[in-house]
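In case it helps, this note's numbering puts the sequence shown at residues 10 to 357. What follows is a short report on a single structure.
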Amino acid sequence: MKIEYDAGTALTIMRGNPVRGWISGKPERMAKERLTTGNYLSVEHKPKFQIDPAWPIFTMGSCFAREVENILMMRGLSLLLEGHGVPAEHFESWNEATGRGGGAARGSLSRGALNKYSVRSMTHELKRVLLDESYPHEGLIELAPDQWFDPHASGLRLLDQQTALANRKRLTVATSRIRDARICFFTLGLTETWLDSETGLAMNIHPGPTWLSRMPERFRFVDYGYEATLNDMLDTIALIREHCHPEMRFIVTVSPVPLGATFKDADVIVANSASKSVLRAVAEELYRRFDFVDYFPSYEIVLNSPRAIAFEEDQLHVARKMVATVMETFERSYLGQTIGAAGSPALV
């Protein structure tokens, strides 16, 4: 959807925008100056709507969405996924010595299993819940005798069928909380996706290189482009507005967390840029089309802050203080107030 207006309107808008210039305007407002302070980037965001603190919030998307949740819970907002997740012992990262897995302690639940990396996998999960779609074995895949892989979760190890089905039920119950939401916060992660050829379902994650090589005919790699990704998001938004709150409002952002690795014949940095560019373009189109969809620029804030302070040492995960800084902008924009920038609690 294009934006178009006459020259007089364009000039009025330009003159009324204090952050319009890259190298012109007040020094503290110029992009050049804000990008070279050596500190976190300051971005002025004008939201389309305000959030009533009493409105229940549902979050969905990549691991960055989990970090956003931590800040929302610190603020005392009604986060619908609070208390949901999968036992820490069921994650690939489970360490018996430390008693932690999925970022959570022994005996507690981790929301890490709820990570959704591609738009197609998000759409699948919502159709499962809102349209009561069902699949053989609930979409689980038996890779070895009674060793079941959940391609629609994140970070879980192979488990016996009974345990895997119990976890699948936990995740379905968590996703069903969207019915109670008034605000949906979507964090778009990546476009590279894997399909299960037997079911035709988009998987959230693949089972690992070993199983891909053992079962090459079952799994297929797809990198969805702009049109397919936009159509998925349009279908998802329509589905939610039809089956949940009819006046649901959406805040969409793009995760600044890059691809861990690419399956395309390209430098991972280039492949990541291509993937994020598609998602950013989709988010922009949704913003332009609907007054109930807003774009929040967490992607720009993180990517244009110095990498030394924006990311952890692995240059993959966003630093906790960076997340807190992003959410200060979020709160000023949508709630009219902020919390301190002390950082978020442990990811659980």
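Glycine residues also receive a C-beta, built at the ideal position from the N, C-alpha and C atoms. What you are looking at is a predicted structure, and each value in this text was computed from that prediction instead of being measured.
Cβ-based neighbour list, Val291, same chain, cut-off 8 Å, excluding 5 preceding and 5 following: Within the sequence shown, numbered from 1, the residue matching residue 291 stands at position 282. Result list for Val291: Val128, Leu197, Tyr235, Thr238, Leu239, Met242, in chain order.
Between the region 65 to 73 and the region 187 to 202, do three or more beta carbon pairs fall short of 8 Å? yes
Quick one: residues in its chain with C-beta nearer than 8 Å to the C-beta of Ala280, no 5 flanking neighbours on either side, listed in chain order? As a first step, residue 280 must be located in the sequence shown, where it is residue number 271. Closer than 8 Å at Cβ, skipping near neighbours: Glu201, Leu268, Thr271, Lys273.
Put Ile5 into one of helix, strand or coil per three-state DSSP. For residue 5 there is no data in the structure shown, the boundaries of the chain being 10 and 357.
First and last residue of the beta strand (DSSP E) that includes Ile150? Within the sequence shown, numbered from 1, the residue matching residue 150 stands at position 141. Per DSSP, Ile150 belongs to the beta strand (DSSP E) from 150 to 153.
Helix, strand or coil at Val277 according to DSSP, with G and I counted as helix: On the sequence shown, residue 277 is found 268 positions in, with the first residue counted as 1. Residue state, collapsed to three classes: helix.
What's the C-alpha gap between Asn124 and Ala162? Here residue 124 refers to the residue found at position 115 when the sequence shown is read from its first residue. Here residue 162 refers to the residue found at position 153 when the sequence shown is read from its first residue. Each residue's Cα considered, the two are about 7 Å apart.
Compare the C-alpha of Asn79 against each of Ala97, Leu168, Gly112 and name the closest. Within the sequence shown, residue 79 is the residue found at index 70, counting from 1. Ranking the options by Cα distance to Asn79, first place goes to Gly112.
Which of the three DSSP states, helix, strand or coil, is assigned to Met10? As a first step, residue 10 must be located in the sequence shown, where it is residue number 1. In this structure, Met10 counts as coil in the three-state DSSP scheme.
I need the straight-line Cα distance from Glu251 to Phe299, nearest angstrom please. Counting from one through the sequence shown, the residue named residue 251 turns up at place 242. Counting from one through the sequence shown, the residue named residue 299 turns up at place 290. Looking at the two C-alpha atoms, the distance is approximately 15 Å.
Does the region 142 to 150 come close enough to the region 164 to 183 that 3 or more CB-CB pairs lie under 8 Å? yes
What span of residues does the alpha helix (DSSP H) with Trp220 cover, start to end? Your numbering for residue 220 matches position 211 in the sequence shown. Segment 218 to 223, the alpha helix (DSSP H) holding Trp220.
Straight-line Cα distance separating Arg329 from Ser119: Locating residue 119 in the sequence shown gives position 110, where the first residue counts as 1. Locating residue 329 in the sequence shown gives position 320, where the first residue counts as 1. One C-alpha to the other measures close to 18 Å.
In terms of residue numbering, what span does the alpha helix (DSSP H) encompassing Gln170 cover? Here residue 170 refers to the residue found at position 161 of the sequence shown. Counting along the chain, the alpha helix (DSSP H) containing Gln170 begins and ends at 170 to 185.
Can you list, in chain order, the stretches of the beta strand (DSSP E) that have 3 or more residues and sit fully within the region 58 to 127? 66 to 70
Excluding the 5 residues flanking Leu199 on each side, which residues of the same chain have their C-beta closer than 7 Å to its C-beta? Residue 199 sits at position 190 when you count from the first residue of the sequence shown. So the qualifying residues of the chain are Tyr126, Ser127, Leu268, Ser284.
Would you kindly work out how many angstroms separate the C-alpha atoms of Arg229 and Leu248, rounded to a whole number? One-based indexing of the sequence shown puts residue 229 at position 220. One-based indexing of the sequence shown puts residue 248 at position 239. If I take the Cα positions, the gap works out to 27 Å.
With 16 as the cutoff for other CB atoms within 10 Å, does Ala19 come out buried or exposed? Indexing the sequence shown from 1 puts residue 19 at position 10. Classification of Ala19: exposed, given that the 10 Å Cβ count is below 16.
Less than 8 Å between the beta carbons of Gly121 and Phe100, yes or no? What you label residue 121 is simply residue 112 of the sequence shown in a count that begins at 1. What you label residue 100 is simply residue 91 of the sequence shown in a count that begins at 1. The answer is yes: Cβ separation under 8 Å.
Given that a residue counts as buried once 16 or more other Cβ atoms are within 10 Å of its Cβ, and exposed if not, what is Met131? Translated into positions along the sequence shown, residue 131 becomes position 122. Met131 should be labelled buried.
Look at Asp159 and Leu152 and say whether their C-beta atoms are less than 8 Å apart. Stepping through the sequence shown from its first residue, residue 159 is reached at position 150. Stepping through the sequence shown from its first residue, residue 152 is reached at position 143. No, the pair does not count as a contact, with Cβ atoms beyond the cut-off.
Sorted by chain position, which residues of the same chain lie with C-beta nearer than 7 Å to Arg29's C-beta, five sequence neighbours on each side aside? Residue mapping note: residue 29 aligns to position 20 of the sequence shown, counting from 1. Within the same chain, Arg29 has close Cβ partners Met23.
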